Amino acid sequence: MDFALTEEQTAIYDMARAFGEAEIAPHARAWEQAGEIPKSLWPRIAELGFGGLYVSEDSGGSGLSRLDATLVFEALSRSCASVAAFLSIHNMCARMIDAFGSDEMKARVLPGALTMQTVLSYCLTEPASGSDAAALRTKAVQTNDGWSLTGTKAFISGGGYSDAYIVMARSGEAGAKGVSAFLIEDGTPGLSFGGLEDKMGWRSQPTRQVNLDNANIPATNLLGEEGKGFTYAMKGLDGGRLNIAACSLGAAQYALDQTVAYMAERIAFGKTIDQFQGLQFRLADMEIEMQAARTFLRQAAWKLDQNLSNAPQFCAMAKKLVTETGSRVADQCLQLHGGYGYLADYGIEKIVRDLRVHQILEGTNEIMRLIVARGMIGK
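Going by our numbering, the first residue of the sequence shown is number 182, and it counts up by one from there.
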């Protein structure tokens with residue numbers, strides 16, 4: 182059992198970290214204030230192969246493992262978790278097209294997705310169906326030329342910003358087996374967007390409702406087989422949960438590194454505050470938690486790469502453990518900065534705000550517990 186990263190994996194991490202520090206970190210606050218990530222960033226990220234991290238090499242992607250991908254998101258999140266998480270969503274969509282799309286769809290959509298000239302968003306959640314995703318109400322009705330979709334999707338990262346959307350809609354019976362997945366391109370008649378959501382964190386990501394009013398698409402925009410959309414969506418979320426956990430890990434690690442440096446300079450009662458044993462214990466506790474979270478995340482990613490039967494349970498466990506650890510560590514880092522931690526200049530309060538939503542999206546941590554428990558009792 183070898184816990185060390187390979188030379189290639191170390192190089193992947195270092196490349197992502199260097200790009201983030203040079204191209205993302207200096208602008209993260211400004212992008213948050215603007216409420217949008219410049220689209221010019223994405224082609225530059227794609228030049229590193231990050232537009233199709235686990236799209237197969239046969240389809241032009243990087244063909245990396247899920248473990249490799251977590252290294253990318255961990256490294257980028259040191260600079261901005263919001264930007265890294267948005268990239269994760271795009272990659273989840275690109276992989277769904279690669280894995281389940283027709284040859285025609287892959288040839289038509291993937292070249293732009295891999296260069297990130299085409300930015301992709303994922304549309305599952307609705308105003309009345311979050312955790313109970315299989316109860317979605319968006320309808321897909323077959324027409325002579327293809328499909329007509331009507332409904333509303335909520336909390337969509339990239340709503341009104343992205344170039345295409347993978348939309349889960351009901352084409353058949355009630356429940357999961359009646360859900361299909363569709364590709365809807367920006368500019369489709371009947372596709373519109375709600376107002377920009379005013380969020381606690383992830384503020385550089387534009388988030389809006391996606392509205393569909395008899396949005397007509399060709400038959401070729403059905404993703405995979407009819408009635409398999411919910412299965413595709415859940416398969417996408419296994420990897421998405423690892424990625425969002427990696428985003429928590431990277432941002433929290435940056436906060437911890439900054440806190441150690443701050444404590445070595447901050448003087449109170451005649452000495453730097455890293456010399457107080459009580460505060461040293463707090464640093465040690467955070468380091469232990471972070472190391473445990475990192476090891477568990479990489480084990481879960483390995484299981485998904487090996488396609489093991491218990492991989493979904495481990496992805497759920499990792500998502501719950503690492504996102505809660507990340508938020509807890511970031512909050513403690515803010516506390517150890519004192520009043521300065523509450524100021525935007527130090528960057529810690531942004532991390533606290535950005536990481537909070539990680540316990541909600543990609544399946545709430547309550548649903549993660551449900552997945553784990555069902556795996557334990559065999560139901």
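Here a beta-carbon is modelled for each residue, glycine too, at the ideal position from N, C-alpha and C. Values in this document were obtained by computation on a predicted structure and should not be read as measured data.
What are the boundary residues of the alpha helix (DSSP H) that includes residue i?
i	result
G507	A492 to L517
M549	N546 to I558
G451	Here G451 belongs to no alpha helix (DSSP H), and DSSP marks it neither H nor E.
H539	Careful: H539 lies outside any alpha helix (DSSP H) and carries neither H nor E.
L257	R247 to S258
L274	Sequence check: residue 274 is Cys here, not Leu. First-last of the alpha helix (DSSP H) with C274: A262 to F281.
K287	D284 to T296
F200	E188 to F200
L222	L222 to A227
W212	A209 to A215
Measure from the alpha carbon of residue i to the alpha carbon of each residue in the options, then state which is nearest.
i	options	result
C304	G459, I365, R210 and C261	I365
N397	S243, L330, L377 and S312	L330
K416	A492, P370, A250 and L372	A492
A265	L257, H271 and N272	L257
F411	G507, L393, T453 and D313	D313
E547	L515, Q513 and A499	A499
W383	H208, G556 and G216	G216
A206	L542, M381 and I532	I532
G309	Q390, G371 and I218	Here the sequence assigns Ala to residue 309, which means Gly is not the residue at that position. Residue Q390 is the option with its Cα nearest to A309.
A250	A197, A355 and G528	A197
V253	E228, I193, P292 and A262	I193
A199	S508, E255 and S246	E255
D167	R318, R509 and E228	The requested residue 167 does not occur in the structure, where the chain is confined to residues 182 to 560.
N424	H271, R534 and M557	H271
Y443	V322, C261 and C514	C514
M297	C428, P370 and S221	S221
T187	M549, H539, Y235 and S246	S246
Q516	N395, E530 and K409	E530
M471	Q434, L536 and M273	Q434
D183	W483, L301, A262 and Q323	W483
A426	V236, L248 and P219	L248
A414	E354, L393, E189 and A315	A315
I218	D438, N488, S338 and E407	S338
Q190	P370, T319 and R479	R479
L317	N325, A288 and G359	G359
Check the DSSP bridge columns for residue i and list the partner residues they point to.
i	result
S302	Y346
R351	K320 and V360
N397	S329
L464	In the DSSP output, where bridge partners are listed per residue, L464 has none listed.
E307	S310
T412	T412 is not bridged to any residue.
V236	According to DSSP, which records beta bridges pairwise, V236 is partnered with nothing at all.
S338	T388
I143	Here the chain has residues from 182 to 560 only, and residue 143 is not among them.
E366	A345
L403	F363
Taking a contact to mean a Cβ-Cβ separation below 8 angstroms, would you say residue i touches residue j in this structure?
i	j	result
K334	T299	no
R126	L430	In this structure the chain extends from 182 to 560, so residue 126 is not present and cannot be described.
W223	S385	no
T453	E446	yes
F363	A350	yes
A511	A432	yes
I226	G232	yes
E238	G230	no
I347	L268	no
R422	E543	yes
S352	S343	no
L502	D419	no
A280	A294	no
P387	L377	yes
L291	G241	yes
V553	A473	no
D535	A357	no
S260	G201	yes
D367	A345	yes
G580	N392	Lying outside 182 to 560, the shown extent of the chain, residue 580 is not represented and no answer is given.
G507	H539	yes
R550	M381	no
V319	G311	In the sequence as displayed, the identity of residue 319 is Thr instead of Val. No, the Cβ-Cβ distance between T319 and G311 is not below 8 angstroms.
Could you spell out the range, first to last residue, of the beta strand (DSSP E) harbouring residue i?
i	result
S373	L372 to F374
- prompt: So, do the segment 510-524 and the segment 493-500 have three or more beta carbon pairs nearer to each other than 8 angstroms?
  reply: no
query: Would you call the segment 200-216 and the segment 284-299 touching, i.e. three or more CB-CB distances under 8 angstroms?
result: no
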